[in-house]
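As numbered in this note's numbering, residues 8 to 427 make up the first sequence, in order.
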Amino acid sequence: MPPVVRMAPSPTGFLHIGGVHTALFNWLFARHEGGEFRLRIENTDTSREVDEATQHIEESLRWLGLTWDGPVTFQLDRMERCEQEARRLVDEGKAYEDEGAIRIRMPDEGTTGWDDLIRGRVEVANETIEDLVAIRADGRPTYNFASPVEDWLDGITHVLRGDDHISNTPKQIRILEAFGAPVPQYGHLANILGPDGKKLSKRHGAVGVDEFRAEGYIPEAIVNYLALLGWSYDDKTEIMTVPELIERFTLERVGASPAVFDYAKLEHFNGVHLRMLPPDEYAERLVTYLREQGYDWNEQLIRAAVPLVQEKISRLGEFPQFAGFLFRDVQPDPALLDGGAPMLAAAREELERVEPFTADRIEVALRAAADRLGLKPRQAFQPIRVAVTGSKVSPGLFESIELLGRETALERLNAAAGPS
RNA sequence: GGCGCAUUCGUCUAGUGGCCUAGGACACCGCCCUCUCACGGCGGCGGCACGGGUUCGAAUCCCGUAUGCGCCUCCA
Numbered sequence: 008m009p010p011v012v013r014m015a016p017s018p019t020g021f022l023h024i025g026g027v028h029t030a031l032f033n034w035l036f037a038r039h040e041g042g043e044f045r046l047r048i049e050n051t052d053t054s055r056e057v058d059e060a061t062q063h064i065e066e067s068l069r070w071l072g073l074t075w076d077g078p079v080t081f082q083l084d085r086m087e088r089c090e091q092e093a094r095r096l097v098d099e100g101k102a103y104e105d106e107g108a109i110r111i112r113m114p115d116e117g118t119t120g121w122d123d124l125i126r127g128r129v130e131v132a133n134e135t136i137e138d139l140v141a142i143r144a145d146g147r148p149t150y151n152f153a154s155p156v157e158d159w160l161d162g163i164t165h166v167l168r169g170d171d172h173i174s175n176t177p178k179q180i181r182i183l184e185a186f187g188a189p190v191p192q193y194g195h196l197a198n199i200l201g202p203d204g205k206k207l208s209k210r211h212g213a214v215g216v217d218e219f220r221a222e223g224y225i226p227e228a229i230v231n232y233l234a235l236l237g238w239s240y241d242d243k244t245e246i247m248t249v250p251e252l253i254e255r256f257t258l259e260r261v262g263a264s265p266a267v268f269d270y271a272k273l274e275h276f277n278g279v280h281l282r283m284l285p286p287d288e289y290a291e292r293l294v295t296y297l298r299e300q301g302y303d304w305n306e307q308l309i310r311a312a313v314p315l316v317q318e319k320i321s322r323l324g325e326f327p328q329f330a331g332f333l334f335r336d337v338q339p340d341p342a343l344l345d346g347g348a349p350m351l352a353a354a355r356e357e358l359e360r361v362e363p364f365t366a367d368r369i370e371v372a373l374r375a376a377a378d379r380l381g382l383k384p385r386q387a388f389q390p391i392r393v394a395v396t397g398s399k400v401s402p403g404l405f406e407s408i409e410l411l412g413r414e415t416a417l418e419r420l421n422a423a424a425g426p427s
């Protein structure tokens, strides 16, 4: 029987990277097993802007490629059903009214346990579990009641969630048993921590999917990196495509200890996946990204710049800084041009007559000029780079000059040499 | 405080009693490549939390201690 799993976020706002991690493990499991991955919004707290947040969450999941099966369901829509079920338990003597609320009776002796998919056997003494409120005095179900009711209604077979839910599990198992409903298998994933060992949060830096997107991370890299937090394929393989992850993901290889989120490693993965993209696909992503970020730069030029940057940057967000000189004027720091005047003059002469104006011809011409001046390439090209790109760091010089065009390149060389 | 979970290089991890003089990756350092940056290549630094057992043999099994985290809400 194919498994049915779910992601059940509460619509408080943006999608947290920790939530993505949990969602991803559910999704990979479902896809690997040929099962279903459901999206359920736990919106019992009606006071917040549920609609907007829900759309936001859906949008983030879609962007990441974590597609869900069937319609999105809402806890709110099941309030009545929850109350009905609670009443039924009252009638059966398994629950009772208490100051307007309904409480479920929990056994006082013995233990409640389950074989955790990730941690093995977990047992909890029943005396430590108190009768829990199922329906609040105002009629709304509590999370610990609504959640198992919905798991039951949705036919959830495997519950993979954060380990902060471990102490909820015995309660939920008892509720399901009271209904006579099937009890799903539970697996508790370790949380993702910040560098200080505390649960990853805002103060550690970016945590929202939006933020990673805005910085120019791509879904493939985020998914690949996150998959490796608490799961591994073997002792060597790290870089994997989504299809490979789906094929290889198994619960047996999921670990139980918490992992610290390492931004540096994510960035490395992002660079690798960016370099793996076919150039035209890279161009699509880059153009889309720059549009999202509000740049109105010429699309043809952006596409033409792809070969110059794909090997060089590890986040799309580096593009404006790295290749912005192609789209806007530059203001070189005069100090960086110091001593470069002879080479600048020589470069100007060469670039005036190079034909055709292509990177390889430009390179030949400039190297010859450097040679005549007795300059090493390193010394010769740096002032030109600064004059033309405005920076000490840039894409390949000759390719950059070609893209810039003869006219602009000469203007910049003139401007750099001019005043002095 | 009670209950629960966790514990291999700075970080992510491989490892399920001998294959481990503990492997890989990121980060860091050095060298090479090189028009800068990056990529790539080579090398280096660096770890089984501690203490008891069990065993011919333990990173691997058991017990204890320590540390960290989580829950103990009519929050989710």
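Glycine included, every Cβ here is placed at the ideal spot set by N, Cα and C.
> How do the segment 347 to 364 and the segment 289 to 304 stand: do at least 3 beta-carbon pairs fall below 8 Å, yes or no?
Replying inline: no
> Apart from the five residues on each side of it in sequence, which residues of its chain come closer than 6 Å, Cβ to Cβ, to residue 427?
Replying inline: No answer about residue 427 holds up, because its pLDDT of 46 lies below 50 and its placement is not dependable.
>> Can you give me the C-alpha to C-alpha distance between residue 26 and residue 330, rounded to a whole angstrom?
In response: Linking residue 26 to residue 330 through their CA atoms gives a straight-line distance of about 34 Å.
> Do the CB positions of residue 125 and residue 211 come within less than 7 Å of each other?
Replying inline: no
> So, is residue 82 buried or exposed, given that buried needs 16 or more other C-beta atoms within 10 angstroms?
Replying inline: buried
> At what residue ranges does the segment 326 to 379 contain a whole run of the beta strand (DSSP E), taking only runs of 3 or more?
Replying inline: DSSP runs (the beta strand (DSSP E)) wholly in the segment 326 to 379: none.
>> If contacts are defined as beta-carbon pairs under 8 Å, then residue 164 and residue 191 qualify, I think. What distance do you get, rounded to the angstrom?
In response: 5 Å
>> Using only the alpha-carbon positions, how far apart do residue 30 and residue 100 sit?
In response: 37 Å
> Bridge partners of residue 148, per DSSP?
Replying inline: 142
> Just how far apart, CA to CA, sit residue 368 and residue 418?
Replying inline: 19 Å
> In this structure, what does DSSP give as the bridge partners for residue 30?
Replying inline: BP columns for residue 30 are empty, so no partner.
>> Quick check on the burial criterion: 16 or more other C-beta atoms within 10 angstroms. Buried or exposed for residue 46?
In response: buried
>> Please give me, in chain order, every unbroken run of the beta strand (DSSP E) with length at least 3 that falls completely inside the segment 187 to 238.
In response: 192 to 196
> So, residue 341 versus residue 393, is the Cβ gap smaller than 7 Å?
Replying inline: In this structure, residue 393 does not lie closer than 7 Å to residue 341 by Cβ.
> Taking the DSSP output, what are the residues bridged to residue 121?
Replying inline: Beta-bridge pairing by DSSP links residue 121 to 129.
> How would you write the range of the alpha helix (DSSP H) that residue 316 sits in, first residue to last?
Replying inline: Note, residue 316: alpha helix (DSSP H), 306 to 316.
> When DSSP labels each residue in this structure, what does residue 270 get in the three-state scheme?
Replying inline: helix
> Where does residue 283 sit, in a helix, a strand or coil, going by DSSP?
Replying inline: helix
>> Taking the straight line between their C-alpha atoms, what separation do you get for residue 160 and residue 181?
In response: A straight line joining the alpha-carbon of residue 160 with that of residue 181 spans about 16 Å.
> With 16 as the cutoff for other CB atoms within 10 Å, does residue 244 come out buried or exposed?
Replying inline: The residue is exposed, with fewer than 16 neighbouring Cβ atoms inside 10 Å.
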